[in-house]
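Residue numbers (the working numbering): 1 to 411. Even glycine gets a Cβ: it sits at the ideal position worked out from N, Cα and C. Keep in mind that this is a model prediction, so the values were computed, not measured.
The structure is reproduced here in structure tokens:
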């Protein structure tokens, strides 16, 4: 479309449609051989507003990883390939098989032994069992699986407080994968000093992913490795938390307790503590970006109402943006605060109530995909990448230097 026609079509167009079209997400939604689909709700518009605090177009961050990996829409298989949407006896479910132990655990869920591929036994089991039983078994086994639901009536998303200065603030980041590291990355862009903490036995799984994307999120940060099984390592970990202005973690509370870390005590001492979990700190279920988004209701629908994946693990970047916007605020009296950020609720808060409708498809015209806004048509943008500012540090590269700078004995 000529530029004049594009601008005319934007006038009076609904913000959610415009931001979805510009976000790079629709090319990740729909059947592989079909048109891109426009997701429901206003997650892209919410992300765009959250990104403004950090000088970025937050809507574009929702599809950013796919710009590095080249992923595209795969229908009922997630863009990254680790999650599937499958029919159950009473609906649909999202099941992730992302970790080395997951095939065996999913086989156990279905009451069978598997040899590397759980789907041949899981698919028929799901057809004979409902979503509630799936969720119960998944929680017991610690796998990321559950029914595709409509959004909860009252999702719990905290409201920001007073803006706080971030320049020079010390951020200690215990998180991994995407949501937490994106939160830390955004705080770093705003001037914070970020220290990433890993343990020898549990490195960030994202290190095995796309190198460019990992560099994007971690360049300029410092890498520390500490062993919580070693008393000196536990003491150093606790001292890092004591020194931090902001702590980011994405673990269940009992896992933190095994590390000797106490969020409530840190908050009482004045720390901002950001806790990112799939369903909230009080819920021990496991979840990843694709299955959590589906569990919160953020899926596309084809013409017959069949759910299809929306974006690439979209709950992760949306939650990372939300968490960063909360961490950039604090009580006006300087007290600490615990931000309990549920990925499922962050997603659900962007969705309208009521029964889901089929997702509007883009149309092909003149070699480009366009979205009808009601006042005209606008182009569908592809995922776009920001270039990393450098290389991420090697794991543990800065341990001795960081601890020495803070006066913490090196284990």
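Of all the options 16, 15 and 20, which has the alpha carbon lying nearest to the alpha carbon of residue 380? Along the chain shown, read from residue 1 onward, the residue named residue 380 stands at position 380. Answer by Cα proximity: 20.
How about residue 100 and residue 116: are their beta carbons less than 7 Å apart? On the chain shown, position 100 is the one that residue 100 refers to. On the chain shown, position 116 is the one that residue 116 refers to. Against a cut-off of 7 Å, the Cβ pair of residue 116 and residue 100 comes out as no contact.
One question on the structure: do residue 324 and residue 217 come within less than 7 Å of each other, judged by their Cβ atoms? On the chain shown, residue 324 is found 324 positions in, with the first residue counted as 1. On the chain shown, residue 217 is found 217 positions in, with the first residue counted as 1. In this structure, residue 217 does not lie closer than 7 Å to residue 324 by Cβ.
For a test of the three-state rule: what should DSSP assign to residue 310, helix, strand or coil? If you number the chain shown from 1, residue 310 lands on position 310. Of the three classes helix, strand and coil, the one that applies to residue 310 here is coil, per DSSP.
Please state whether DSSP places residue 403 in a helix, a strand or coil. As a working mapping, residue 403 is identified with position 403 in the chain shown. Of the three classes helix, strand and coil, the one that applies to residue 403 here is helix, per DSSP.
For the 8 Å Cβ check, are there 3 or more pairs between the segment 367-384 and the segment 17-31? yes
What are the boundary residues of the alpha helix (DSSP H) that residue 319 is part of? Here the question's residue 319 lines up with position 319 in the chain shown. Here the alpha helix (DSSP H) through residue 319 covers 315-327.
Counting Cβ pairs, one atom from each stretch, are 3 or more of them under 8 Å apart for the segment 219-233 and the segment 286-302? no
Within 6 Å: the Cβ of residue 115 and any heavy atom of the ligand FAD? The ligand FAD is not part of this structure, which contains no ligands at all.
For residue 330: DSSP bridge partner residues: For the purposes of this step, residue 330 is identified with residue 330 of the chain shown, where counting begins at 1. DSSP output for residue 330 lists 162 as bridge partner(s).
Strand pairing of residue 146, partner residues [DSSP]: Taking the first residue of the chain shown as position 1, residue 146 is located at position 146. For residue 146, which the question treats as bridged, DSSP gives the partners 94.
Our contact map puts residue 148 next to residue 294 with C-beta atoms below 8 Å; I'd like the distance itself, whole angstroms only. For this step, residue 148 is matched to residue 148 along the chain shown. For this step, residue 294 is matched to residue 294 along the chain shown. Confirmed, about 5 Å.
Option in 143, 275 and 366 with minimal Cα separation from residue 173: Within the chain shown, residue 173 is the residue found at index 173, counting from 1. Comparing Cα positions, the closest option is 275.
Residues that DSSP places opposite residue 275 in a beta bridge: Locating residue 275 in the chain shown gives position 275, where the first residue counts as 1. Per DSSP, 249 and 340.
For the beta strand (DSSP E) that residue 173 lies in, which residues bound it at each end? Taking the first residue of the chain shown as position 1, residue 173 is located at position 173. Looking at the DSSP string, the run of the beta strand (DSSP E) that includes residue 173 is 170-173.
Rounded straight-line distance, which links the Cα of residue 203 to that of residue 354: As a first step, residue 354 is located in the chain shown; it is residue number 354 there, counting from the start. As a first step, residue 203 is located in the chain shown; it is residue number 203 there, counting from the start. In a straight line, the C-alpha of residue 354 is about 41 Å away from that of residue 203.
Note the first and the last residue of the continuous alpha helix (DSSP H) segment covering residue 119. For the purposes of this step, residue 119 is taken as the residue at position 119 of the chain shown. If you look at residue 119, you'll find it in the alpha helix (DSSP H) that goes 119-127.
As an exercise, report each continuous beta strand (DSSP E) stretch of at least 3 residues that is fully enclosed by the segment 345-387, in chain order. 363-365, 368-372 and 377-379
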